[in-house]
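At position 41 of the sequence shown (counting the first as 1) the number is 38 in our numbering, and the numbers step up by one without a gap. For glycine and all other residues, C-beta sits at the position ideal for the given N, C-alpha and C. A quick write-up on the structure given underneath.
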Amino acid sequence: MATELEFYLFANTYKDHFDQGYRSLVPTARHNVDYALTSTFADEPVMRDLRNGLYGAGVPVENSKGEADAGQHEINVKYSDALDTGDMHALVKAATKEIAHLHGQSATFMAKYSHEHAGSSSHVHQSLFRDGKNAFFDPKADQGMSDLMRHYMAGQLTHARELTCFLAPFVNSYKRFVTGLFAPTKAIWSVDNRTAGFRVVGEHGPGVRVECRIGGSDLNPYLACAALLAAGLEGIERSSRSSPPLPETPMPRNRPARSRPPSPRRLPNCRVPTCCAAQWATRWSTTMPAPPNGRCRNTTALSPISRFPAASNAPELTGTPVIHPVSKRMT
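Structure (structure tokens):
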């Protein structure tokens, strides 16, 4: 597994933000720096120290890049087993904030720090290995996806509603799901449609994998990875099947007007479903407490994603998934 972490850099310090009531946040850039060759130079003192510091701490950083809005960056770490991925994810966040502070700046991993700017995500890439090879790859199958991969992704699609409790854990998390800003709004899969909650990356190649695009950069990596594994493995046990992929419709050229979206008339309570929260925690043999009165603490856990049901032909999953132990930790 691997996570892609996005965040914003601000020109002010954490103390400045506190004294100003967290108003008038000033990003370090003034325009979109996505894939720009020169526009990220101003942030290189922070980003270079971050990459080198993490690498020196044993975190194999692959790259960093400017992202889809002013002051936004993404940093990517090499894939590993689920537990190592969670550890490295936590280290990246802590190091980013500390190193930004040393440079008189600050960083935020909020999923949506402003309605007028793009949200920050934490896409989770997943694959299963057998005998040192990617078990998701079948060169003779469509998109290079083995039946094992299709069952795995179908399990996650079936439990997409429940997974949002772990991938979008806060009220602010749901403000990120805005059409036209590269955030997923549909619980369906695609090869290259950025509105889909799940995407197939590296099709037709040995690196083919599932990318879950639902999670924001505010997720808990341990709970998110555990929940995704549980849903995927249950899909394998049930030999679940998903609907066809969403067509590769390009994103709209014109962004929606930068205005605050209307508030919903009612924020429904989220009853914890059978395969969610406490019961999944029991399956994982963790000590996560059960939500009070059978309800999630987050009363806005019904996101735009949950409005799109899973494939109609997907069977109801009620079995207990077998969670395999993680592989040997990285040295």
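1. Smallest Cα separation from Gly53: which of Gly68, Leu34 and Met85?
2. Is it buried or exposed, Val168, if we count other Cβ atoms within 10 angstroms and call 16 or more buried?
3. With distance defined between alpha-carbon atoms, name the residue in Tyr19, Ala39, His112 and Leu99 nearest to Val175.
4. Comparing C-alpha positions only, which one of Ser117, Gly213, Gln153 and Gly204 sits nearest to Phe133?
5. Check whether the Cβ atoms of His120 and Glu200 lie closer than 8 Å to each other.
6. Could you give the distance in angstroms between the alpha-carbon of Tyr19 and the alpha-carbon of Phe106?
7. Quick check on the burial criterion: 16 or more other C-beta atoms within 10 angstroms. Buried or exposed for Thr35?
8. Does the beta-carbon distance from Ala221 to Gly229 come in below 8 Å?
9. Select from Ser77, Ala104 and Leu51 the residue whose C-alpha is nearest the C-alpha of Asp40.
10. For the beta strand (DSSP E) containing Phe106, list its first residue and its last residue.
11. Report the start-end ranges of each alpha helix (DSSP H) in the stretch 66 to 125 that is 4 residues or longer and not cut off at the edges.
12. In angstroms with no decimal places, state the Cα-to-Cα distance between Asp128 and Arg238.
13. Could you give the distance in angstroms between the alpha-carbon of Phe179 and the alpha-carbon of Arg191?
14. How far does the beta strand (DSSP E) with Leu6 in it extend, from its first residue to its last?
15. Name the DSSP bridge partner or partners of Ala193?
16. Check whether the Cβ atoms of Gly116 and Ala157 lie closer than 8 Å to each other.
17. Find out if the Cβ-Cβ distance for the pair Thr37, Gly63 is shorter than 8 Å.
18. Got a sec? Which residues, its chain only, sit under 7 Å from Pro57 by beta carbon, not counting five neighbours each side?
19. Leaving aside the five residues before and after Pro42 along the sequence, list all residues of the same chain whose C-beta is less than 7 Å from its C-beta, in chain order.
20. How should Lys12 be labelled, buried or exposed, when 16 other C-beta atoms within 10 angstroms of its C-beta is the threshold for buried?
21. Taking the beta strand (DSSP E) that Gly63 falls in, what are its first and last residues?
22. What are the start and end residues of the alpha helix (DSSP H) that includes Ala188?
23. Identify which residue in His28, Arg206, Val30 and Ser21 has its Cα closest to the Cα of Ser143.
24. Mind checking which residues open and close the beta strand (DSSP E) that includes Glu208?
25. Do Val23 and Asn9 have their beta-carbon atoms positioned less than 8 Å apart in this structure?
Inspection of the coordinates gives the following:
1. Position 56 of the sequence shown, counted from the first residue, corresponds to residue 53. The shortest C-alpha separation from Gly53 is found at Met85.
2. The sequence position of residue 168 within the sequence shown is 171, counting from 1. Exposed, by the Cβ-count rule.
3. By one-based count along the sequence shown, residue 175 stands at place 178. Here the closest residue by C-alpha is His112.
4. On the sequence shown, residue 133 is found 136 positions in, with the first residue counted as 1. Answer by Cα proximity: Gly204.
5. Position 123 of the sequence shown, counted from the first residue, corresponds to residue 120. Position 203 of the sequence shown, counted from the first residue, corresponds to residue 200. Not closer than 8 Å, so no.
6. In the sequence shown, residue 19 corresponds to position 22, counting from 1. In the sequence shown, residue 106 corresponds to position 109, counting from 1. Rounded to whole angstroms, the gap between the alpha carbons of Tyr19 and Phe106 is 14 Å.
7. Here residue 35 refers to the residue found at position 38 when the sequence shown is read from its first residue. That one is exposed.
8. Taking the first residue of the sequence shown as position 1, residue 221 is located at position 224. Taking the first residue of the sequence shown as position 1, residue 229 is located at position 232. Contact: no.
9. As a position in the sequence shown, residue 40 is number 43, starting the count at 1. Taking each of Ser77, Ala104 and Leu51 in turn and checking the Cα distance to Asp40, the smallest one comes out for Ala104.
10. Translated into the one-based positions of the sequence shown, residue 106 becomes position 109. No beta strand (DSSP E) holds Phe106; DSSP gives it neither H nor E.
11. 79 to 99
12. Residue numbering aside, residue 128 sits at position 131 when the sequence shown is read from its first letter. Residue numbering aside, residue 238 sits at position 241 when the sequence shown is read from its first letter. Roughly 25 Å between the two C-alpha positions.
13. The count along the sequence shown starts at 1 and reaches residue 179 at position 182. The count along the sequence shown starts at 1 and reaches residue 191 at position 194. For Phe179 and Arg191, the distance between alpha carbons rounds to 6 Å.
14. Position 9 of the sequence shown, counting from 1, holds the residue named residue 6. Counting along the chain, the beta strand (DSSP E) containing Leu6 begins and ends at Ala(-1) to Phe7.
15. Position 196 of the sequence shown, counted from the first residue, corresponds to residue 193. Note: Ala193 sits in a beta bridge opposite Lys183.
16. As a working mapping, residue 116 is identified with position 119 in the sequence shown. As a working mapping, residue 157 is identified with position 160 in the sequence shown. Contact: no.
17. On the sequence shown, position 40 is the one that residue 37 refers to. On the sequence shown, position 66 is the one that residue 63 refers to. Cβ atoms of Thr37 and Gly63: closer than 8 Å.
18. Translated into the one-based positions of the sequence shown, residue 57 becomes position 60. Val74 and Lys75, listed in sequence order.
19. Taking the first residue of the sequence shown as 1, we reach residue 42 at position 45. Excluding positions up to five away in sequence, the list reads His100.
20. On the sequence shown, position 15 is the one that residue 12 refers to. Exposed, since its Cβ has fewer than 16 Cβ neighbours within 10 Å.
21. What you label residue 63 is simply residue 66 of the sequence shown in a count that begins at 1. Gly63 -> beta strand (DSSP E) spans Val58 to Gly63.
22. In the sequence shown, residue 188 corresponds to position 191, counting from 1. Correcting the residue identity first, residue 188 is Val in this sequence and not Ala. Annotation: Val188 is outside any alpha helix (DSSP H) and is labelled neither H nor E by DSSP.
23. Here residue 143 refers to the residue found at position 146 when the sequence shown is read from its first residue. Measuring from the Cα of Ser143, the nearest candidate turns out to be Arg206.
24. Position 211 of the sequence shown, counted from the start, is the residue given in the question as residue 208. It spans Arg206 to Cys209 - the beta strand (DSSP E) in which Glu208 sits, taken as one unbroken run.
25. In the sequence shown, counting from the first residue as 1, residue 9 sits at position 12. In the sequence shown, counting from the first residue as 1, residue 23 sits at position 26. Taking 8 Å as the Cβ cut-off, Asn9 and Val23 qualify as a contacting pair.
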